[in-house]
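Heads up: the protein sequence lines correspond to chains D and A, in order.
No gaps in the numbering here: position 444 of the first sequence is 449 in this note's numbering, and each next residue is one more.
No gaps in the numbering here: position 130 of the second sequence is 135 in this note's numbering, and each next residue is one more.
Working notes, beginning with the structure itself.
Protein chains: 2
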Amino acid sequence: MARVLTPRAEDFPRWYQDLIAKAKLADNGPVRGTMVIRPAGYAIWERMQAEMDDRIKAAGAENAYFPLFIPESYLKREAEHVEGFSPELAVVTHGGGKQLAEPIVVRPTSETVIGEFMAKWIDSYRDLPLLLNQWANVVRWELRPRIFLRTSEFLWQEGHTAHATREDARAYARKILHEAYEDLMVNVLGIPVVVGLKTSRERFAGATATYTCEGMMGDGKALQLGTSHELGQNFAKAFDISYSSAEGAREHAWTTSWGTSTRMLGGLIMCHGDDNGLRVPPRLAPVQAYVMVVKDGDGVTEAAAKLRDALRDAGVRVALDDRTDTAFGRRAVDAELRGYPVRVEVGPRDLAAGNAVVVRRTDGSKAPTPVADVVEAVLAALAADQQALHDQALAFRVSRTVEVTTLDEALEAATTGWARVPWSAVGVDGETKANGQGVTVRCLVRADGSVPDTEDEPDLTAILARAY
Amino acid sequence: MARVLTPRAEDFPRWYQDLIAKAKLADNGPVRGTMVIRPAGYAIWERMQAEMDDRIKAAGAENAYFPLFIPESYLKREAEHVEGFSPELAVVTHGGGKQLAEPIVVRPTSETVIGEFMAKWIDSYRDLPLLLNQWANVVRWELRPRIFLRTSEFLWQEGHTAHATREDARAYARKILHEAYEDLMVNVLGIPVVVGLKTSRERFAGATATYTCEGMMGDGKALQLGTSHELGQNFAKAFDISYSSAEGAREHAWTTSWGTSTRMLGGLIMCHGDDNGLRVPPRLAPVQAYVMVVKDGDGVTEAAAKLRDALRDAGVRVALDDRTDTAFGRRAVDAELRGYPVRVEVGPRDLAAGNAVVVRRTDGSKAPTPVADVVEAVLAALAADQQALHDQALAFRVSRTVEVTTLDEALEAATTGWARVPWSAVGVDGETKANGQGVTVRCLVRADGSVPDTEDEPDLTAILARAY
Numbered sequence: 006m007a008r009v010l011t012p013r014a015e016d017f018p019r020w021y022q023d024l025i026a027k028a029k030l031a032d033n034g035p036v037r038g039t040m041v042i043r044p045a046g047y048a049i050w051e052r053m054q055a056e057m058d059d060r061i062k063a064a065g066a067e068n069a070y071f072p073l074f075i076p077e078s079y080l081k082r083e084a085e086h087v088e089g090f091s092p093e094l095a096v097v098t099h100g101g102g103k104q105l106a107e108p109i110v111v112r113p114t115s116e117t118v119i120g121e122f123m124a125k126w127i128d129s130y131r132d133l134p135l136l137l138n139q140w141a142n143v144v145r146w147e148l149r150p151r152i153f154l155r156t157s158e159f160l161w162q163e164g165h166t167a168h169a170t171r172e173d174a175r176a177y178a179r180k181i182l183h184e185a186y187e188d189l190m191v192n193v194l195g196i197p198v199v200v201g202l203k204t205s206r207e208r209f210a211g212a213t214a215t216y217t218c219e220g221m222m223g224d225g226k227a228l229q230l231g232t233s234h235e236l237g238q239n240f241a242k243a244f245d246i247s248y249s250s251a252e253g254a255r256e257h258a259w260t261t262s263w264g265t266s267t268r269m270l271g272g273l274i275m276c277h278g279d280d281n282g283l284r285v286p287p288r289l290a291p292v293q294a295y296v297m298v299v300k301d302g303d304g305v306t307e308a309a310a311k312l313r314d315a316l317r318d319a320g321v322r323v324a325l326d327d328r329t330d331t332a333f334g335r336r337a338v339d340a341e342l343r344g345y346p347v348r349v350e351v352g353p354r355d356l357a358a359g360n361a362v363v364v365r366r367t368d369g370s371k372a373p374t375p376v377a378d379v380v381e382a383v384l385a386a387l388a389a390d391q392q393a394l395h396d397q398a399l400a401f402r403v404s405r406t407v408e409v410t411t412l413d414e415a416l417e418a419a420t421t422g423w424a425r426v427p428w429s430a431v432g433v434d435g436e437t438k439a440n441g442q443g444v445t446v447r448c449l450v451r452a453d454g455s456v457p458d459t460e461d462e463p464d465l466t467a468i469l470a471r472a473y
Numbered sequence: 006m007a008r009v010l011t012p013r014a015e016d017f018p019r020w021y022q023d024l025i026a027k028a029k030l031a032d033n034g035p036v037r038g039t040m041v042i043r044p045a046g047y048a049i050w051e052r053m054q055a056e057m058d059d060r061i062k063a064a065g066a067e068n069a070y071f072p073l074f075i076p077e078s079y080l081k082r083e084a085e086h087v088e089g090f091s092p093e094l095a096v097v098t099h100g101g102g103k104q105l106a107e108p109i110v111v112r113p114t115s116e117t118v119i120g121e122f123m124a125k126w127i128d129s130y131r132d133l134p135l136l137l138n139q140w141a142n143v144v145r146w147e148l149r150p151r152i153f154l155r156t157s158e159f160l161w162q163e164g165h166t167a168h169a170t171r172e173d174a175r176a177y178a179r180k181i182l183h184e185a186y187e188d189l190m191v192n193v194l195g196i197p198v199v200v201g202l203k204t205s206r207e208r209f210a211g212a213t214a215t216y217t218c219e220g221m222m223g224d225g226k227a228l229q230l231g232t233s234h235e236l237g238q239n240f241a242k243a244f245d246i247s248y249s250s251a252e253g254a255r256e257h258a259w260t261t262s263w264g265t266s267t268r269m270l271g272g273l274i275m276c277h278g279d280d281n282g283l284r285v286p287p288r289l290a291p292v293q294a295y296v297m298v299v300k301d302g303d304g305v306t307e308a309a310a311k312l313r314d315a316l317r318d319a320g321v322r323v324a325l326d327d328r329t330d331t332a333f334g335r336r337a338v339d340a341e342l343r344g345y346p347v348r349v350e351v352g353p354r355d356l357a358a359g360n361a362v363v364v365r366r367t368d369g370s371k372a373p374t375p376v377a378d379v380v381e382a383v384l385a386a387l388a389a390d391q392q393a394l395h396d397q398a399l400a401f402r403v404s405r406t407v408e409v410t411t412l413d414e415a416l417e418a419a420t421t422g423w424a425r426v427p428w429s430a431v432g433v434d435g436e437t438k439a440n441g442q443g444v445t446v447r448c449l450v451r452a453d454g455s456v457p458d459t460e461d462e463p464d465l466t467a468i469l470a471r472a473y
């Protein structure tokens with residue numbers, strides 16, 4: 006097959022850009038840093054949304070929608086928050102043909118406006134917990150944009166909850182982290198993320214603790230795929246989110262927030278893509294089986310349509326490609342680029358022998374299969390390849406992760422992958438040094454792999470890496 | 006039952022506001038004209054979205070996402086379009102802490118930016134039709150905002166398509182009008198809309214034809230619930246959306262656009278609401294059956310939970326209210342306000358007799374029903390009340406619509422409802438006169454009720470009304 010993309014080993018960033026363009030996943034927008042998500046990319050995002058939405062609702066949160074426009078004064082009420090976001094804001098100064106009395110900020114995140122309404126809606130302990138989520142676009146001005154990874158506008162879900170106690174807030178932030186984020190990423194996206202605590206330097210502006218899911222990309226770098234924050238009482242005090250307890254006292258609530266975004270599309274590409282294009286895990290794929298008419302004649306198109314119907318009846322998300330006026334080779338290259346998990350190729354010669362060819366995107370294998378057995382073969386391939394993609398990614402992560410004991414060793418290891426190093430060997434000074442060399446502490450984990458409550462716990466392991 | 010809302014007959018606009026506040030559907034946002042859609046309102050919107058999305062995909066369109074920010078210069082390329090939208094624009098002048106070289110407009114609609122990308126993506130006739138849809142927020146500065154009806158930011162879907170011929174474009178604009186919009190509104194929302202052609206004065210800025218779905222609200226006014234536009238070659242020429250035909254000639258495409266928005270929530274309230282609150286048609290309702298524990302004791306909560314499970318197993322969207330620490334009367338009032346189609350009340354006294362009470366929101370009837378028969382009774386009520394709500398709304402529309410022959414009679418009739426009058430008796434001058442009295446031509450229809458192609462066809466009927 007002719008070379009379609011710049012090989013990953015030659016130039017990984019270029020490969021990433023090529024893939025997005027040639028698979029028609031997205032385009033750059035006209036305003037610097039914005040993006041157009043094309044149908045092939047958006048269909049994957051819709052599947053991510055549906056799977057995530059199910060998990061968020063199962064965790065008890067309800068969807069709502071808060072305004073895009075936030076008064077500038079709101080941002081200023083929480084000191085760390087305004088400091089963190091000020092350099093990234095887009096500001097509306099004119100509306101309806103007139104200059105506005107107060108400038109309006111286009112939401113970079115909605116903690117402040119949601120805080121304002123939580124304060125209105127919460128009266129007594131009976132109103133807690135208040136568990137909200139919204140699907141929305143947000144804007145953070147980007148000087149060095151990269152599609153899906155850093156864009157001036159992106160799509161995301163942001164959850165915001167209020168609780169009666171710190172313990173309740175912590176438990177919920179962790180529930181979302183594990184039951185929604187980690188579960189989706191590992192079991193649907195097939196990305197074996199490491200889940201841990203951010204250092205105080207890396208945490209969200211205004212949070213008291215930030216938990217993160219970190220994935221290893223195909224070049225050994227890390228990508229933060231989702232975060233869940235304990236906000237303590239910082240926003241509750243800034244917006245007076247308070248409740249009367251069962252005992253009648255007035256108490257400030259404890260809040261959390263958590264988000265995942267279209268950045269997951271970038272993570273998917275960089276975790277599973279290969280030199281022929283994207284590979285989409287079957288549970289995620291909008292099209293799981295792509296039935297192709299190789300060449301028409303002798304009832305080929307009819308046979309392909311029958312296979313399409315049989316696969317659909319078996320619960321497979323399936324599409325039929327009968328565009329025989331376009332060369333088969335070109336369509337096959339496009340199918341590879343798009344990463345459909347399984348192709349079913351139906352051509353006159355194979356069909357005459359009673360066969361169709363089942364092609365698996367994960368390993369490229371091509372198996373002539375009796376037409377009557379195709380559905381079963383496809384179902385088996387989909388089940389196996391969901392696991393195979395995850396296991397490949399895990400094996401790669403393990404192969405590129407080095408266990409070391411000193412900061413210098415960790416910085417060396419971070420040139421090609423991840424370093425696991427005792428947090429006590431890094432500390433705040435070591436973190437500053439690492440940052441100076443383009444390496445960050447991605448997260449802290451306990452010896453047993455679980456997520457610490459604070460960075461002051463003993464015997465923590467720090468994961469150091471370069472990151473997107 | 007104590008008076009919860011201002012009665013509709015006393016003050017319809019006040020009733021509308023009261024209902025939205027007390028049913029906790031939405032709130033005003035901090036920036037004038039924006040809104041917060043609360044979980045109870047958003048859950049209905051999600052159901053509208055799901056039903057609409059199914060229909061749009063069935064019509065062959067694919068979802069995509071285009072940027073919120075549009076260069077001001079794009080808006081200016083189509084003369085009527087910029088003139089139509091200029092007074093309503095929100096303008097971003099600062100980003101990332103700096104003044105921008107070119108001001109950026111927050112999208113009021115996406116014809117222009119999508120036109121730019123259609124031009125890039127379309128090369129030959131094989132690329133047509135190009136059928137795109139997006140779910141997004143848009144901003145149109147509102148001086149007299151009203152929640153759901155006119156807000157400075159609202160949520161919507163906007164479809165944008167490109168075709169090889171005028172006939173193809175027209176057929177698709179009408180396909181969406183009937184198969185997506187009219188079908189959803191009539192058969193899911195239960196709103197018996199009239200579908201027709203807008204006059205040239207009322208059509209969309211830049212369109213050559215605008216088709217509309219008009220519903221009658223509970224005060225006899227009209228609400229435009231969705232529109233579908235033929236854009237001719239106006240945008241294709243402004244953005245150079247062209248293709249090479251099978252014969253090798255370079256031709257401009259013909260484009261359409263079409264949209265429905267959170268305004269449908271306002272239409273739902275004003276079409277079906279009564280003095281006790283909202284009434285949601287069963288096919289639309291996020292919660293179709295609301296099982297209430299009247300008072301705990303003697304296995305009541307267990308029996309209610311069993312009924313919840315049995316209803317869920319029967320495919321009913323169901324919720325259980327076992328908050329017995331809140332007075333039953335208050336919860337029942339809230340359930341009326343929210344408009345759940347059916348309530349199943351489970352209390353100790355009825356349960357001792359083997360019964361639960363099935364309460365239908367549509368007519369307020371309360372039927373003690375043997376527990377074993379509740380599922381069947383609920384299913385029957387849901388089916389009947391979907392039709393009943395539609396038929397009530399249709400009967401009301403018919404009762405408030407007057408057939409007249411002169412403009413003056415039409416203007417008189419429009420003080421209480423709709424007037425049907427020969428378009429030849431109105432004309433452009435009559436339309437100006439009507440507008441001066443707060444009455445608009447909602448749409449034009451043919452004698453057989455079908456939708457005309459142009460306002461110049463003979464024997465058209467104009468529908469005149471006051472409108473939101």
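All C-beta atoms, glycine included, are put in the ideal place defined by N, C-alpha and C.
As the structure is a prediction and not an experimental result, all values here were calculated from the model.
Which of helix, strand or coil DSSP assigns to residue i
| i | result |
| --- | --- |
| residue 87 (chain A) | helix |
| residue 164 (chain A) | strand |
| residue 246 (chain A) | coil |
| residue 56 (chain A) | helix |
| residue 140 (chain D) | strand |
| residue 467 (chain D) | strand |
| residue 109 (chain A) | strand |
| residue 299 (chain A) | coil |
Cβ-based burial, residue i [other Cβ within 10 Å; buried from 16]
| i | result |
| --- | --- |
| residue 440 (chain D) | exposed |
| residue 172 (chain A) | exposed |
| residue 250 (chain A) | exposed |
| residue 260 (chain A) | buried |
| residue 358 (chain A) | exposed |
| residue 12 (chain D) | exposed |
| residue 32 (chain A) | buried |
| residue 92 (chain A) | exposed |
| residue 452 (chain A) | exposed |
Residue i versus the options, residue with shortest Cα-Cα distance
| i | options | result |
| --- | --- | --- |
| residue 117 (chain A) | A:465, A:279, A:393 and A:262 | A:262 |
| residue 268 (chain D) | D:138, D:332, D:50 and D:398 | D:50 |
| residue 361 (chain D) | D:370, D:349 and D:10 | D:349 |
| residue 318 (chain D) | D:414, D:381, D:445 and D:330 | D:381 |
| residue 288 (chain A) | A:234, A:248 and A:195 | A:195 |
| residue 209 (chain D) | D:335, D:340 and D:88 | D:88 |
| residue 200 (chain D) | D:447, D:433 and D:332 | D:447 |
| residue 292 (chain A) | A:387, A:372, A:457 and A:235 | A:387 |
| residue 464 (chain D) | D:280, D:96, D:113 and D:454 | D:454 |
| residue 468 (chain A) | A:461, A:449, A:456 and A:47 | A:449 |
Residues that residue i contacts on chain D, provided the C-beta gap is smaller than 9 angstroms
| i | result |
| --- | --- |
| residue 109 (chain A) | 36 and 95 |
| residue 32 (chain A) | 122, 125 and 126 |
DSSP beta-bridge partners of residue i
| i | result |
| --- | --- |
| residue 229 (chain D) | D:219 |
| residue 261 (chain D) | D:166 and D:235 |
| residue 177 (chain A) | None; residue 177 (chain A) has no bridge partner. |
Residue i: contacting residues in chain A (beta-carbon distance under 8 angstroms)
| i | result |
| --- | --- |
| residue 192 (chain D) | Residues of chain A passing the Cβ test: none, with the nearest at roughly 24 angstroms. |
For the stretch 121–138 of chain A, enumerate the residues whose C-beta is nearer than 9 angstroms to any C-beta of chain E, in chain order.
The question asks about chain E, but that chain is absent: this structure's protein chains are D and A.
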